[in-house]
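The block underneath contains the structure these notes are about, expressed in C-alpha cells.
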Amino acid sequence: MSTGDESTRCGNQTKYLRVTNLSSKTTDEGLKEHLSQVVKQGKIQSVKIIKQFKFGMVLSEGYGFVEFDSVESATSAFRDVKGIVLDGHGLRLSLCDAKTVSMMDKPCTRLIVKNLPFYEVVDVKDLIQPFSPFGQLKSVRLPRPRFGVVDFVTEQEASNAKRALSNTYFHGRRLALEWADQDYRLPDRSGAKYMDQDKDTRPKKRQMLHRCSSSLRD
C-alpha cells in the first residue's frame, strides 16, 4: 500500500503511528529516543510498546504506538521517516487512529506490578496491603524477583488501584503498573492463601540458619 493510500484510509487526521517489527530488546524509552533523533517536525508525546505476561515474564508483542503533538507531526513522520533500524530490526511505520490505540490499553482485572523490592524485603502479604483497600483481590503473586501480579474481581477496582498507586513509593521503590494480558490464566489461588503460605517463610529460614549455626558450634 502506498503512502497516499494509507493516509486516505486513516483519514489523515491522526496523531498516532503504529510501529511494527520491533525487537524484543527494544524498550519504550529506547524507541522514543531513537525516533526523536530522526523526526523532522513536532515532538513525540508518548510511546507504548505492547506487551503480554507469559511464562512468568513480560514479553514484547513486537509492535507499539507513538503519539505525536499534532496530526501534522504524525503525518510528517510517516512520510519522511524511512529505513529506520533499531536493535537490529528494520522498523515499519503506519498511521493509526486513536480508537485502535485505546483498545490496546483496555482495562482488565489484572495488574502487572514492576520495580518491586527483592523477596528478602517484600513477600506476598506485604504486596496485598497497598492493593486491598481498592477492592476484593482474587490472587496476588510474585512469580519472579521484583515482579508481581495482582488480580481484582472487577475492572473498576483494578482501574482505581492503577490510577492511585502508579508511580507511588513502596518500600523505597517507585511502582510501575501495567495492564496484564487477561487471557493468561493464573492458578486459582487467593491472596489469603498466599498470606498463610508466606507468613512463616522467613521465620523458618531463620530457624534453619540457627540450627545450622548451632551444629557448627557443637
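Numbering of the sequence shown is given in the working numbering, commencing with residue 1 and proceeding in unit increments. All residues carry an ideal CB built from backbone N, CA and C; glycine is no exception.
> Would you report the Cα separation of residue 19 and residue 44, rounded to the nearest angstrom?
Replying inline: Near 13 Å, if we compare the C-alpha coordinates of residue 44 and residue 19.
> Are residue 110 and residue 69 close, meaning C-beta to C-beta below 8 Å?
Replying inline: 8 Å or more divides the Cβ of residue 110 from the Cβ of residue 69.
> If you run the structure through DSSP and keep just helix, strand and coil, what is residue 37?
Replying inline: In the three-state reduction of the DSSP assignment, residue 37 falls in the helix class.
> What did DSSP end up calling residue 72 once you bin it into helix, strand or coil?
Replying inline: In the structure shown, residue 72 falls within a helical segment according to DSSP collapsed to helix, strand and coil.
> Which class does residue 183 belong to by DSSP, given the choice of helix, strand or coil?
Replying inline: Interpretation of residue 183 is limited by its pLDDT of 49, a score under 50 that renders its predicted location unreliable; the figure taken from the coordinates is listed afterwards. Coil.
> According to DSSP, what are the bridge partners of residue 150?
Replying inline: Beta-bridge pairing links residue 150 to 111 and 140.
> If you run the structure through DSSP and keep just helix, strand and coil, what is residue 121?
Replying inline: Residue 121: coil per DSSP, three-state reduction.
>> With H, G and I counted as helix, E and B as strand and the rest as coil, what does DSSP make of residue 98?
In response: Residue state, collapsed to three classes: helix.
> Given residue 187, which residues of its chain have a CB within under 7 Å of its CB, disregarding the five upstream and five downstream residues?
Replying inline: Because the pLDDT of residue 187 is 43, which lies under 50, any placement of that residue in the model is unreliable, and the number read from its coordinates should be weighed accordingly. Spatial neighbours of residue 187 in its own chain (CB-CB distance under 7 Å, excluding positions within 5 residues in sequence) are not present.
>> So, with DSSP's three-state summary, where would you put residue 162?
In response: In the structure shown, residue 162 sits in a helix (DSSP, three-state: H, G or I).
> Would you call residue 85 buried or exposed, if buried means 16 or more other Cβ atoms sit within 10 Å of its Cβ?
Replying inline: Counting every other CB atom within 10 Å of its CB across the protein chains shown gives residue 85 a total below 16, marking it as exposed.
> For residue 64, which beta-bridge partners are listed by DSSP?
Replying inline: Residue 64 pairs with 19 and 49.
>> What would DSSP say about residue 30, mapped onto helix, strand or coil?
In response: DSSP, reduced to helix, strand and coil, places residue 30 within a helical segment of the structure shown.
>> Check this for me: beta carbons of residue 76 and residue 42, under 8 Å apart or not?
In response: Contact check for residue 76 against residue 42 passes: the beta carbons are separated by less than 8 Å.
> In the structure shown, what three-state DSSP assignment does residue 128 receive?
Replying inline: Looking at residue 128 - three-state DSSP - the assignment turns out to be helix.
> If we call anything under 8 Å between Cβ atoms a contact, is residue 175 one with residue 113?
Replying inline: Against a cut-off of 8 Å, the Cβ pair of residue 113 and residue 175 comes out as a contact.
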